[in-house]
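>
Number of protein chains: 2
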Amino acid sequence: MRKIAESTVRRLSLYLRLLEEFGGQGKETVSSEVLATRAGTTSAQVRKDLSFFGSFGKRGLGYSVPELTVRLRDILGLKRSYQVLVVGAGKIGSALAQYRGFAERGFRVTAVYDADPGKVGLRWNGLVVRDVRQLEQDLARDHMDIAIVSTPPNAAQEVTDRLVRSGIRAILNFAPVQLVLPRDVAVKNVNMALELETLSYALRHR
Amino acid sequence: MRKIAESTVRRLSLYLRLLEEFGGQGKETVSSEVLATRAGTTSAQVRKDLSFFGSFGKRGLGYSVPELTVRLRDILGLKRSYQVLVVGAGKIGSALAQYRGFAERGFRVTAVYDADPGKVGLRWNGLVVRDVRQLEQDLARDHMDIAIVSTPPNAAQEVTDRLVRSGIRAILNFAPVQLVLPRDVAVKNVNMALELETLSYALRHR
DNA sequence: GGATGTGAATGTCTTCACAGCT
DNA sequence: AGCTGTGAAGACATTCACATCC
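So the sequences go chain by chain: A and B. Numbering-wise (our numbering), the first sequence opens with residue -15 and increments by one. Numbering-wise (our numbering), the second sequence opens with residue -15 and increments by one.
1) What does arginine 202/B touch in chain A if you count any residue whose Cβ is under 8 Å from its own?
2) At which residues does the alpha helix (DSSP H) containing serine 15/A begin and terminate?
3) Residue range of the beta strand (DSSP E) that alanine 95/A falls in?
4) Taking valine -7/B as the query, report the chain A residues whose CB atoms sit under 7 Å from its CB, ordered along the chain.
5) Would you call the region 64 to 76 of chain A and the region 162 to 176 of chain B in contact, with 3 or more CB pairs under 8 Å?
6) Ignoring anything shorter than 3 residues or poking outside the region 58 to 82 of chain B, list the beta strand (DSSP E) runs there in chain order.
7) For alanine 170/A and isoleucine 130/A, what's the separation of their Cα atoms in angstroms?
8) Tell me which residue opens and which closes the alpha helix (DSSP H) that aspartate 122/B is part of.
9) Measuring CA to CA, which of Ser39/B, Phe37/B, Thr(-8)/B is closest to alanine 20/B?
10) I'd like to check one pair, alanine 23/B with arginine -6/B: are the Cβ atoms closer than 8 Å?
11) Output the boundary residues of the alpha helix (DSSP H) element that contains lysine 32/B.
12) Do you know whose CA, among Asn175/A, Gln67/A, Ser184/A, lies nearest glutamate 181/B's CA?
13) Please report the Cβ distance between leucine 156/A and isoleucine 132/A, rounded to the nearest whole angstrom; I am assuming they are in contact, meaning their Cβ atoms lie under 8 Å.
14) Taking 8 Å as the limit between beta carbons, can you name the residues of its chain near arginine 55/A, skipping five residues before and five after?
15) What does the alpha-carbon distance come out to for the pair lysine 32/B and leucine 123/A?
16) I need the boundaries of the alpha helix (DSSP H) containing serine 134/A, first residue and last residue.
17) Which residues in chain B have a C-beta closer than 7 Å to the C-beta of proline 160/A? List them in chain order.
18) In whole angstroms, what is the alpha-carbon distance linking glycine 7/B and serine 15/B?
19) Can you name the residues that DSSP bridges to lysine 172/B?
20) Per DSSP, what are the beta-bridge partners of aspartate 145/A in this structure?
21) Give the straight-line distance between the Cα atoms of glycine 10/B and glycine 77/B, rounded to the nearest whole angstrom.
22) Quick test of the definition: if touching needs 3 or more C-beta pairs under 8 Å, does the region 82 to 96 of chain A touch the region 92 to 99 of chain B?
23) Please classify leucine 111/B: does DSSP put it in a helix, a strand, or coil?
24) Using only the alpha-carbon positions, how far apart do leucine 259/A and valine 143/A sit?
25) What's the gap between the Cα of tyrosine -1/A and the Cα of glutamate -10/A?
26) Check the Cβ of lysine 172/A against every Cβ in chain B and list those closer than 9 Å, keeping chain order.
27) Per DSSP, tyrosine 47/A forms a beta bridge with which residues?
28) Check whether chain B comes within 8 Å of tyrosine 97/A, counting only Cβ atoms and requiring the distance to be less than that.
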């Protein structure tokens, strides 16, 4: 399949959430125009995004909500669930580990690690914080699909190297550092201070 | 000033973080090549990004670390500090309210609100959770620069409308909904489940 | 009639490549 | 010699506009 832009994939994820909402309201069909308005884009953009993967609509009618929902879940790889581990049990890590929005969408956080002996052994919602030194042996036993890195900045690269050596191929990084990774490992960075700085820029330049 | 791409602003924020690191190590100058490698981009991109705002380097030498640091802080609007409030004192909201990475970069979270009477009155690190019904009267008294919305999805738009009516002009939204806003209000969305979905897509398409 | 699907046109961002300083 | 600053070229993404089909 032809290479799809990151921005397109992000919008597909937005469309899916909207479709689930419409489905819950019993709506049968939806037009690109309605999806666009709710997703903050244009109808042409919606049609173009979908057209990369096939033609799912009916001219004159729009898209079938249940059908497009299934198609998008398939395209995004969401027909299965994912095992997720979190490294770094600080404030952010603990919030992420317990975030309901993940579980609702098939991302199951099943392990949390920290280096601090004071945190190891704590229970959160049935999740026990494990010693990060166990990382390799645990990963050899139980397969994990995605790792969330929420360690302090100076520990992030080392932890990442260990995750990659243990076979992890997707990382969501909350540490404010640019991780160095083999090209076949997917990474997404979430840098919250950076988001505030873009707001600061926006406030200043108007 | 000409309009600057969002992607450029985000990279400037990355460069600034790197410059602060280099400054802490006593480095006097840095080349676009070094900045690029560490930021995960190209030297031409670094030079182009900076050139929108002036010519800060010396040919044959590179950029003065302290000077470029000051310039970027100025460009990004970081010479001042910002008053930040958080609405929604759930797991994510409480982690954000106490996140040290914000304070370190001049973003001071000075108020947290929630609608749940069971949470109102709780103290976190000297921050007291206030009743969200007080929002308007508090904002009339104490100026706030940026609001972080970390409510459940169904409350996000209503809270946002109240924030905007009270004069807030910058919003960092963690609720997984597309907020409708006047064009003069800056908004950044952080959608963590969406990030995982782009990873899910990446895992599937390789 | 009404909405999709899609080439073509436009707009935006990135990379190239080199003249010009230091 | 080394590295910046920047037009020009190229790559990529979005928008237009309309033929096509239900």
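Note that the Cβ used here is the ideal one computed from N, Cα and C, for glycine as well. Note that the structure is a prediction, hence the values are computed from the model and not measured.
Inspection of the coordinates gives the following:
1) Nothing in the structure corresponds to residue 202/B, since chain B is present only between -15 and 190.
2) Careful: serine 15/A lies outside any alpha helix (DSSP H) and carries neither H nor E.
3) 91 to 98
4) Thr182, Tyr185
5) no
6) 66 to 71
7) 9 Å
8) 119 to 125
9) Thr(-8)/B
10) no
11) 27 to 35
12) Gln67/A
13) 5 Å
14) Phe37, Gly38, Phe40
15) 43 Å
16) Careful: serine 134/A lies outside any alpha helix (DSSP H) and carries neither H nor E.
17) Arg1, Gly85
18) 14 Å
19) Leu156/B
20) In DSSP, aspartate 145/A forms no bridge with anything.
21) 37 Å
22) no
23) strand
24) Given a span of -15 to 190 for chain A in the structure shown, any question on residue 259/A remains unanswerable.
25) 14 Å
26) Glu179, Leu180, Thr182, Leu183, Ala186
27) Val14/A, Gly41/A
28) no
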